[in-house]
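Mapping of the sequence shown onto this note's numbering: residues 2 to 290, in sequence order.
Here a beta-carbon is modelled for each residue, glycine too, at the ideal position from N, C-alpha and C.
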Amino acid sequence: MGNLWHRVRVGSLALLACLAGGCASENWARGKAAWDAGDYATAATMLESAAAHGDARADYLLGLMHEEGQGMPPDASAAACCYERAAALGHPAASNNLGLMCFQGRGTAKDMARAREHYETAAASGFAPAQNNLAVMLLYGLGGSADQRRAEDLLRSAGTAGYAKSQALLGTIYFEGLGVEKDLVEAEHWYRLAAEQDVATAQMRLGWILLQQNASAPSDEEAALWLQRSASLGNAAAQHNLALLYLQGRGVLRDRAIATMWLERAAAQGWEPAREKLAVVTAATPIAR
């Protein structure tokens, strides 16, 4: 399939497109500018004209507008139709979004095999979100047979390209030993990349790994920093683990009040270990200062 961002129409086809209702590329540019400015009515008019003349970018953006209800009532079926047209013209993000709609049965029939086909198409172009989604289907044998090796290759490709969800999932594969031997060093590598992009679960797991003596470079202080970042993003496990560090004075100054605050936040999210620890802490005699 052609590269839509560099697709060229020449000669009489371009002339006919311009005569029929304005050059598709010009209407696309106007529609995109209106969309960026939040003028969804103008955006829809311009993008519909561009889409009618075969601009896949316009159909893709119209799909987003229908899906998210931008300037129009949300309409998953209309969104799926727009994505379908854009995907047929080789737009990878449209193929990926259509795959997700098939996976969820939203706006179209639920069809795992069809979802996997759309992810395959988008992943073949190197589109990282589709590589990640396809990898998940391959890991669990959804829509077809499982393939651990290929799933890991896809995740590595997307993760190396900087896609945080794939980095975090690779971390989990090695942290939990999903189809591979557990490897905390490899898990730490991928979790760190995702943690730097503020993936809270990766930050929490990285903090835990750094507290272990078999980490590549154990550090209570760095562990506390990552747990703090994850806890601030609302991760209940990180809030609980950070509270334990404050109770122990490990990597941070011992502080029962701060520990209690984090335990309360984790408990409020239903984190049972935090509820149990909070009951013990609040019943204990306060630490003398």
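### Query
Given Thr202, which residues of its chain have a CB within under 7 Å of its CB, disregarding the five upstream and five downstream residues?
Ala169, Asn236
### Query
Looking at the structure shown, is Phe104 part of a helix, part of a strand, or coil, going by DSSP?
helix
### Query
At what residue ranges does the region 199-281 contain a whole run of the alpha helix (DSSP H), taking only runs of 4 or more?
201-211, 221-233, 237-249, 257-269
### Task
Using 10 angstroms around the beta-carbon of Arg150, count the other beta-carbons present and answer buried if the total reaches 16, otherwise exposed.
exposed
### Query
Where do the N-terminal and C-terminal ends of the alpha helix (DSSP H) with Ala1 fall, by residue?
As shown, the chain starts at 2 and ends at 290. That puts residue 1 outside it, with no answer to give.
### Task
Kindly give me the distance between the Cβ atoms of Leu62 and Lys33, rounded to whole angstroms, as I take these residues to be in contact under 8 Å.
7 Å
### Message
Quick check on this structure: which residue in His190, Tyr141, Ala95 has the alpha carbon closest to the alpha carbon of Pro130?
### Response
Ala95
### Message
Can you list, in chain order, the residues of its chain with a C-beta nearer than 6 Å to that of Val132? Leave out the 5 residues immediately preceding and following it.
### Response
Just to set this straight, residue 132 is Gln in the shown sequence, not Val. Cβ neighbours of Gln132 beyond the five flanking positions: Ala124, Leu155, Ser158, Ala159.
### Query
Distance, Cα to Cα, Ile259 vs Ala244?
7 Å
### Message
I believe Leu207 touches Tyr192 by the beta-carbon criterion, under 8 Å. Please report the beta-carbon distance rounded to the nearest angstrom.
### Response
4 Å
### Task
Determine the DSSP secondary structure at Tyr84, reduced to helix, strand or coil.
helix
### Task
Let me know the secondary structure DSSP gives Val181 once reduced to three states.
coil
### Task
Within the same chain, show all residues whose beta-carbon is closer than 7 Å to that of Pro274, passing over the 5 residues directly before and after it, in chain order.
His241
### Message
Considering only their Cβ atoms, is the gap separating Ala238 from Met205 smaller than 9 Å?
### Response
yes
### Message
Quick check on Ser217: buried or exposed, where buried means 16 or more other Cβ atoms within 10 Å of its Cβ?
### Response
exposed
### Task
Go through its chain and collect everything with a Cβ distance to Gly108's Cβ below 7 Å, but skip five positions before and after it.
Ala77, Ser78, Ala80, Ala81, Met102
### Query
How about Trp29 and Ala51: do their beta carbons lie closer than 9 Å?
yes
### Message
What residue range does the alpha helix (DSSP H) around Gln71 cover?
### Response
Here Gln71 belongs to no alpha helix (DSSP H), and DSSP marks it neither H nor E.
### Query
For Ala269, does the count of other Cβ atoms within 10 angstroms reach 16, so buried, or fall short, so exposed?
exposed
### Message
Please classify Glu277 as buried or exposed, where buried requires at least 16 neighbouring CB atoms within 10 angstroms.
### Response
exposed
### Task
Reducing DSSP to helix, strand and coil, say where Glu189 ends up.
helix
#### Entry: Residues near Ala267 in its chain [Cβ-Cβ closer than 6 Å; skip 5 each side]
Ala237, Gln240, His241, Ala275
### Query
Got a sec, what are the start and stop residues for the alpha helix (DSSP H) Gly91 sits in?
First-last for Gly91: undefined, no H or E at that position.
### Task
List the endpoints of the continuous alpha helix (DSSP H) containing Asp56.
Careful: Asp56 lies outside any alpha helix (DSSP H) and carries neither H nor E.
### Query
Do Ala232 and Leu211 have their C-beta atoms closer together than 9 Å?
no
### Task
List the endpoints of the continuous alpha helix (DSSP H) containing Ser158.
149-161
### Query
Which word fits Thr122, buried or exposed, when buried means at least 16 other C-beta atoms lie within 10 angstroms of its C-beta?
buried
### Message
My output table needs one value for Tyr175: the three-state DSSP class, helix, strand or coil.
### Response
helix
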